[in-house]
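Accompanying notes for the structure given below.
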Amino acid sequence: MRYFLLFWFVTNTLFAQDSISAIEVNAYPYKKYAIGAKIWQADSTLIAQNNSSQLSEWLLRYTGAYMKEYGNGLLGSISLRGTGAGHTAVLWNGLNINSATLGESDFVNIPLFANDQVGLQMGSSASLFGSEAVGGAILLSGMSKKSEDGRSLHFRQDIGSFGRNFTAFKFHQNQGKISTRTSFYRFSLKNNFDTPSLSGTIQNATPINYLGATQDIHYQISKKQQISFHSWYNSNYRVLVGNSNLLDNNLRLMTSWKNELNTNTSLETKIAYTNDFLLYNQKEKTQTKRLAGIFQVEHFFSEKFSTQIGVNTQYFMMSVDAYKEPKTELRTDAFLMSRWQVLANWVISLNMRQSLVEGYQAPFTPSLGTEWVVFNHSNKRITWKAQIGRGYRLPTLNSRYWNPGDNPDIQPEHSLSSETGVIYEQRNKNQSLKIEATAFMMQVKDWIIWQPTLQGFWSPENLQNVQSKGLETYLNYTKSWKKGSVNIFANYAFTLSQINKIKNDVSDRFTRHYLPYTPIHRISMGTIGTIQNTQISLNSHFTDKRFTDLDNINIVKAFWLTDLQIHQKIKHKTHTFQVGGQINNVFDKQYQNILNQYMPQRNYQISLQYFWQ
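Okay, so the sequence shown: first residue is 413 according to our numbering, each after it adds one.
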């Protein structure tokens, strides 16, 4: 409560200042330098109607990404383009928030309600985001762009099967120099659904309880200067399969300052602090504190050529029960991004990054991208795009310090990736169509695997060389008329992620085998129809069979799920009520995402939302 009172006092005090202009918040500031990359920015409707979901289940429903869910809402890790969970960078307002000890993010710890905007960049983006951005990057930010003064309030209450209960509110205030966003959410789930067992049917018992709060403040000092503050606290307690339990507490703080030095040059400085605390079975503690500083300058040499140069420094302080002693580490990245508009229909980007880490020689990671509008007439446009780049992943801190099993000689992974694709776009007054197809290939060397040792514990080694290749397609069609609209979307991902070579595998028995839990086919598709104040959405997603080990013998069966949502709005002046109903797994399919981790069959959810502005 004191947390909210403090920010309420600060923001309302600042509102007494004179007005200058509306606050500008950029959803994806790196997009203009990510030339040739496949970028997906989530539609606001998809976020708004599903913001009581965890990011893990939402990505599985609406994108081509594969999410490994270790139980319903318990643990969630991502696989992009056939890579592992540690090959995706997760950035919050430009800061990588992956666990420094694990080198990845647990996506059940990212409630969709905490972030107004979600972006997904597929493929290697290490030149933009640094370590771990081998398979891609997830980009999160809290405050959407506000162009008009005013206040708005959003309250949501959900209840559903298996003891599901979600309560949240969000308050926006935008007036002249100041723009704020405050949110709070709380979620609980008993998870008491029936699962099959050798002795018959038993009731699952893996309850979840999490809560969190966010605060964003943007203050326009002058026409050329803006200062921002972001905070996000999240706490999640779960009972896992096997009756073990896990507590996560995550605190993230950031302040940034932007200054337009002149019409051609601007600079931005960010200072951040994160504190990630994990307690396993109420006795095994892992705590990582991080101080980060980001400084970057952007200069436009002309209307056609711009560059951005900067430094990203992070200092980690680890206190882990499994380490012999507390550890610290300093990482510094220097980066240069450039964009050249060669012709009116042709643009090129060249980006470079060099990471400096104590005890490691991180690879130099450049990338080159291009986009060429080959046809642009009337309301139709065809764009060809291509990108090639290097990527890398630093060994996790657990790889180096976990006792027993640490490997001080472990080396960074490094990759080379390329992609090319075509985008077809058609727009007119009442409808739009976008079709995108992208082919990609990636080589990852020195892939790190934890292996059992003769001493009885596991230890990491640089064992695998992996090749991933495939095709991704995307379709989005929207048509609107006087009393309604319809939106149809579809994602398809074809991915072959195979082992080229495993060191010490003299017989080559694993060569050309598929990596565990990397489905060859992934489909997500749906339609959203709106007639006046009624909205109906139907979503379906398919995940192909997955091998469970390198031998490629045992599999988890494919599954195809369908979900249905209906929402009805009731408006009165500045007040809007919305009542919604949702059926998940409409056809009552029994399925597993991970071997022996059964997921719920048909279940229900109702919601009540209130909007005021």
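Where is the CB? At the ideal position from N, CA and C, for every residue including glycine.
Check, Outcome
"Should Asn463 go down as buried or exposed, given a rule of 16 or more other Cβ atoms within 10 Å for buried?", "buried"
"Can you grab the Cα-Cα spacing for the pair Leu532 / Leu780, in whole Å?", "19 Å"
"So, helix, strand or coil for Gly654, using DSSP?", "coil"
"Kindly give me the distance between the Cβ atoms of Leu507 and Ala684, rounded to whole angstroms, as I take these residues to be in contact under 8 Å.", "5 Å"
"DSSP on Leu465, reduced to helix/strand/coil?", "One point to set straight first is that residue 465 is Ser, not Leu, in the sequence displayed. Residue state, collapsed to three classes: coil."
"Check whether the stretch 887-899 touches the stretch 853-873, counting contact only when three or more Cβ pairs, one atom from each stretch, lie closer than 8 Å.", "no"
"Please state whether the Cβ-Cβ distance between Ile614 and Gly485 is less than 7 Å.", "no"
"Assign Gly572 to one of three DSSP states: helix, strand, or coil.", "strand"
"Tyr813 lies in the alpha helix (DSSP H); which residues open and close that run?", "Leu809 to Tyr813"
"Might you give, ordered along the chain, the residues of its own chain that have their beta carbon closer than 7 Å to the beta carbon of Ala428, omitting 5 neighbours on each side?", "Since pLDDT at Ala428 reaches only 38, below the 50 mark, its modelled position is unreliable, and the value read off the structure follows with that caveat. Cβ within range, chain order: n/a, list empty."
"Please check if any C-beta of chain D sits within less than 7 Å of the C-beta of Lys891.", "Checking the listed chains, one finds no chain D in this structure; it contains a single protein chain."
"Whose C-beta lies closer than 6 Å to the C-beta of Ala538 among residues of the same chain, with five residues either side of it excluded?", "Ala545, Thr777, Gly803 and Tyr804"
"Closest to Met854 by C-alpha separation, out of Ser591, Asn646 and Leu883, would be which residue?", "Leu883"
"Tell me the rounded alpha-carbon separation between Gln1021 and Thr592.", "21 Å"
"Which same chain residues, not among the five before or five after Thr677, have their C-beta less than 8 Å away from its C-beta?", "Val709, Glu710, His711 and Phe712"
"With distances taken between CB atoms, is the gap from Lys881 to Gly448 smaller than 7 Å?", "no"
"Using a Cβ-Cβ cut-off of 7 Å (strictly less than) and excluding sequence neighbours within five positions of Ala905, which residues of its own chain qualify?", "Gly476, Gly882, Glu884 and Arg934"
"Along the chain, where does the beta strand (DSSP E) containing Ser936 start, and where does it finish?", "His933 to Ile943"
"What are the uninterrupted segments assigned as beta strand (DSSP E) that are 3 or more residues long and contained completely in the stretch 590-663, given in chain order?", "590-601, 606-609, 612-615, 620-632 and 637-651"
"Between the alpha carbons of Trp972 and Asp956, how many angstroms are there, rounded?", "9 Å"
"Can you give me the C-alpha to C-alpha distance between Lys602 and Gly547, rounded to a whole angstrom?", "34 Å"
"If you draw a straight line from the alpha carbon of Ala497 to that of Ser491, how long is it in whole angstroms?", "6 Å"
"Do you know how far the Cα of Lys913 is from the Cα of Leu806?", "21 Å"
"Suppose the cutoff is 6 Å on Cβ atoms and the five residues either side in sequence are ignored; what does the same chain contact list for Leu845 look like?", "Gln838 and Tyr889"
"At what residue ranges does the stretch 693-738 contain a whole run of the alpha helix (DSSP H), taking only runs of 4 or more?", "none"
"Can you tell me which residues form a DSSP beta bridge with Gln879?", "Gln855 and Gln910"
"For Phe999, count neighbouring Cβ atoms within 10 angstroms of its own Cβ and tell me buried if that reaches 16, exposed if not.", "exposed"
"In angstroms, rounded to a whole number, what distance separates the CA positions of Leu828 and Gly801?", "6 Å"
"Just checking my contact of Phe728 with Ala512 at CB under 8 Å: how many whole Å lie between their CB atoms?", "5 Å"
"Near Asn842, which residues of its chain fall below 8 Å by C-beta distance, leaving aside the five closest residues on each side in sequence?", "Lys891, Ser892 and Trp893"
"Return helix, strand or coil for Leu471, following the three-state DSSP convention.", "helix"
"Is Thr457 helix, strand or coil by DSSP?", "helix"
"Would the beta-carbon of Thr832 fall within 7 Å of that of Ala851?", "yes"
"Given this structure, state the Cα-to-Cα distance separating Ile982 from Gly941, to the nearest angstrom.", "17 Å"
"Any contact of the stretch 810-830 with the stretch 518-525, i.e. 3+ C-beta pairs under 8 Å?", "no"
"Report the rounded CA-to-CA distance for Trp644 versus Leu623, giving the unit in angstroms.", "11 Å"
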